[in-house]
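As they're listed, the protein sequences go chains A and B.
Those letters in the first sequence? Residues 211 to 612, per our numbering, in order.
Those letters in the second sequence? Residues 88 to 567, per our numbering, in order.
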Amino acid sequence: MSEAEAPEDDAGVVAAILAAIAAREPLSISGNDGKRSMLRPVQAARGLSGRNLSGITLHSPAELVISARAGTPVPVIEAALAEHGQHLVAEPPDLGRLLGTVAPATLGGMVAANLSGPRRIAGGAMRDHVLGVRAVNGEGTIIHSGGRVLKNVTGLDLCKLLAGSFGTLAVMTEITLKVLPAPESTATLAIPNLDPAQGVAALAASLGSPFGVSGAAYLPAAAAARVPELGAVGEGVALARIENFASSVAYRAGRLAAGLDRFGQSRLVEDEVSRAIWRAIRDAVPLAAGEEEAVWRVSVRPSAAPGLVHALAAADARWFLDWGGGLVWIAAPAEAHSHQAISAAVTAAGGTWILLRAPEALRAGLDVLPPPSPVLARLTRRVKSAFDPHGILNPGRMYAGV
Amino acid sequence: MTIQPEPKEDILARREEIVAGLKEVAGESAVIAEPVRLRAYETDGMPSYRQPPLAVALPETTEQVAAILRFCHANGVRVVPRGAGTSLSGGALPLADAVVVGLMRMNRILSIDYADRVATVQAGVTNLAITGAVAQEGFFYAPDPSSQLACMIGGNIAMNSGGAHCLKYGVTANNVLGLKIVTIEGEIVTLGGAHLDAAGYDWLGILIGSEGQLAIVTEVTVRILRAAEGARAMLAAFASNEVAGAAVAAIIGSGVIPVALEFMDKPAIHACEAFAHAGYPLDAEAMLIVEVEGSEAEQDELLGRLEAIIRRFDPLSLKVATSAEESAAIWKGRKGAFGAIGRISPDYLCMDGVIPTSQLPAVLGRIGEMSREYGLAVANIFHAGDGNLHPLIMFDANDARSLAKAEEFGAEILKLCVAVGGCLTGEHGVGIEKRDLMPVQFSASDLDQQRRVKSAFDPDWLLNPSKVFPLAPPPILKAA
């Protein structure tokens, strides 16, 4: 593929799409191209990047909204929010290290992949905070959905459909997000010496408490060893985060520790150390995926996680849990048989998976997402056709032939 | 008045055959066809519009829903899904040639799982019944529309319902993890489940809030949350809407997000006080109800911070509840608001526009001017934290001119909401009420894209037609 075209405005995006339609050549859609090792490789003669569609266009802290053009780097948005004591609720991960890229993720890329971090368990996913989108569909037509207000049920919510569609439906050019005040203070309760079943039970108890736990992870010993702040953890450690104003954090941590004492002695990790631990969990650092390994991101019913990770032992896989057990990060040899074993185990557990990182040859020949049922496959093709009737936007990125 | 499409003559002519066919696929007891019994389904929470349907089907299982839809699809019969019929936008208004598929008999709670914090229920379970089923363990289902005693979760899915507490807990779309749906072709599809992230396109996201345009929902898996230790409210009265609006902006900008932040203007205060005797300040032009959650000490801390902010705006009075009873008293008037307005004026339109919160004072000022221009009283009650306005326009339904004026006034308010950067509806849905206003908010291309998504699910436009989108021939998708 030649160098991607990177227009500086919507008109340029429209022109690039119209040119691709005229030439009958599909387009590979990207931001800073950091997620090219996710999902299926796109066979496209042309590239279209949103990276030059950059800049914050609206930030109204008292209205809890920020709008930015889709190519704006996520760290730029985070810095602007931080100036006003605010943050991105879904805590999107920085997967640069995992995906082997240097350039920061763009807002458009983060929304297109619907990537959420640890706070997803309490605050919702990236897609939950997308209030409005401007985009160009596969016919080169500019479309809007949603707006800049916090509540909006006017018409079909195309924002949600575009979030997580990996550039296969439309090229987003501007996105408006709901944001919230960042917590004044944070602390984490660490309970060591737990096996996966005990760990998930401890996390369920903490998430079922009235203390607003906003992060709930379980790291087996090998994963915990990658996070030096944790120290010795025995077989594994359950981590429950509280975020609030300072006196509340102290109170809640105390009450939570008392409520969890049947799981053993807990340790309180405060402020900067707590933040460092959750940054590592957010970015999948504890997985320590090797160069030669593939990485899967799995979503299951939390109580199914202990059984699932037990089954993974047969696949020579390493893992850790976030979202109270509901998110399973997995690294295993980049081999078709590992993929079969992992996807079968996840399917048996009633969950879903994304092949997040793998060599191109492997990704091209496998399902990178669970294959949809015949009805959903038909709806997928029809929705794709409703946005991109010529099939030129990121064809094959999610499913072969779509 | 909103125009409805002409019924299909051939369907009306085949009425008896269609009723017989429905009885064959769904069972005798699941079908209503006697004209007198159809009257019960002729309208919903927007009673200015009435139209008895061709027939009503009341399935008890997902399989029955599938059989009914397969039959309707094969026969080209339009379908109007219905929950409790509490829609304020005419979302469940029948058509003369349509079969109403009512989900009220599907009212079982199927499973509750506290460890995974999810409950799976049938679409006809009421919103409040979900919380009722999990409250003994200290849990609740977060979205709390005012109609929660009656409205059903299937209807909440259709409208993406909100409520007073969505500033903190989000709306329906943020609290649903799984759906079982039936397509117009009669196929049963399971979406999501008890896990947080679903793979593939965001089917839940596009279905929730789709107003019955895409499929019929029969089962729902919702998140249940552990309730906070306690909650307490405060009431602040202000000398003007402007000052109250500025206080709202200062509160949200301060970093303290209350669980609820409700605004009432003078007409609303007076109506609610006369009805509920809640001790509301009758000298005030505007008042705020602010609620926080947590332990007693946490509530004290947050209420203290909020009080300090509000004091900067010279409140006429400020009452901080010191107990659950005092909190309940503060909420009493607000919760009875619709009944209170109903006492002053038996007929009112409840609007549902949303504005950027910075526009509150200007928009309220303009609504006041319009009220005088139209000669119709209006009371404003709304969720201030998220800018969701509920102006209640009072009129006389026995006077056709009065209704027409009220509708025109309402439309002007919604156009104003869009003009200042907001939207037509925050939680009630478009229905038929706002269908013809859609071009105010959306360009032709925007609407065309939404209509094409509708065609992807329902190529023949049989599902809840004539709602949401201005009447126009359905777009035909390229074969996929």
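No residue lacks a Cβ here, since even glycine has one placed at the ideal position from N, Cα and C.
Residue state for Gly356 of chain A is assigned as strand, using DSSP reduced to three classes.
With respect to chain A, the C-beta atom of Ala336 of chain B has a partner C-beta closer than 9 Å. Using a Cβ-Cβ cut-off of 9 Å, Arg204 of chain B is close to Ala414, Leu417, Gly418, Pro512 and Gly534 of chain A, given in chain order. Leu436 of chain B and Lys353 of chain B have their C-alpha atoms some 18 Å from each other. Listed along chain B are Glu388, each with a C-beta nearer than 7 Å to that of Phe455 of chain A.
Ala412 of chain A sits buried, since 16 or more C-beta atoms from the chains shown fall within 10 Å of its C-beta. By the rule that beta-carbons nearer than 9 Å mark a contact, Gly219 of chain B does not touch chain A.
Residue contact check for Lys521 of chain B against chain A: a CB pair falls below 9 Å. The residue from B:Gln138, B:Ala113 and B:Glu115 with its alpha-carbon nearest to that of Pro122 of chain B is B:Gln138. Cβ atoms of Ala427 of chain A and Asp532 of chain A come within 8 Å of each other, at about 5 Å.
Residues of the same chain with a CB within less than 7 Å of the CB of Leu274 of chain A, apart from the 5 flanking positions on each side, are Leu360, Lys388, Val389 and Leu390 in chain order. Assignment of Pro478 of chain B by DSSP, reduced to helix, strand and coil, places it in the strand class. Using beta-carbon distances, His477 of chain B does not count as an interface residue toward chain A, since no partner is under 9 Å. Residue ranges of uninterrupted beta strand (DSSP E) with 3 or more members, entirely inside the segment 446 to 507 of chain A and ordered along the chain, are 446 to 454 and 477 to 480.
For Pro526 of chain B, no Cβ of chain A is located within less than 9 Å of the residue's own Cβ.
Proximity of Ala596 of chain A to chain B, defined by a Cβ-Cβ separation below 9 Å, is satisfied. In the DSSP assignment, Lys406 of chain B falls within the beta strand (DSSP E) that extends over Ser404 to Val407. Counting along the chain, the unbroken beta strand (DSSP E) around Val538 of chain A starts and ends at Leu537 to Pro543. At a cut-off of 9 Å between beta carbons, Val407 of chain B makes no contact with chain A. Pairing Ile105 of chain B with Val186 of chain B, the inter-Cα distance amounts to about 9 Å. Here Lys110 of chain B carries a helix assignment [DSSP, helix/strand/coil]. Burial check for Glu453 of chain A: the Cβ neighbour count within 10 Å reaches 16 or more, so the residue is buried. For Gln209 of chain B, the enclosing beta strand (DSSP E) begins and ends at Val205 to Gln209. The beta carbon of Asn347 of chain A sits closer than 9 Å to some beta carbon of chain B. The C-beta of Val578 of chain A has 16 or more other C-beta atoms within 10 Å across all chains shown, which makes the residue buried.
Taking a contact to require three or more Cβ pairs closer than 8 Å, the segment 285 to 304 of chain B and the segment 553 to 571 of chain A qualify as touching. Cβ contact annotation for Arg528 of chain A (same chain, cutoff 6 Å, sequence separation greater than five): Ala541, in chain order.
Going by beta carbons, His470 of chain B and Cys253 of chain B fall inside the 9 Å limit. Annotation for Phe597 of chain A: no beta strand (DSSP E) segment contains it, though the alpha helix (DSSP H) segment containing it runs Pro584 to Phe597.
Scanning its chain for C-beta atoms nearer than 8 Å, with the 5 sequence neighbours on each side dropped, one finds around Ser553 of chain B the residues Gln91, Pro92, Leu182, Ile519 and Arg522, in chain order. The beta strand (DSSP E) runs of length 3 or more contained entirely in the segment 358 to 407 of chain A are, from start to end of the chain, 380 to 388 and 395 to 401.
For Arg453 of chain B, the secondary structure class from DSSP, reduced to helix, strand or coil, is helix. Thr444 of chain B sits in a helix when the DSSP states are folded into three classes. Nearest CB-CB separation between Glu273 of chain A and chain B: below the 9 Å threshold. Per DSSP, reduced to three states, the secondary structure at Met191 of chain B is coil, with no helix or strand assignment.
Pairing Thr364 of chain A with Phe529 of chain B gives a Cβ-Cβ distance under 9 Å.
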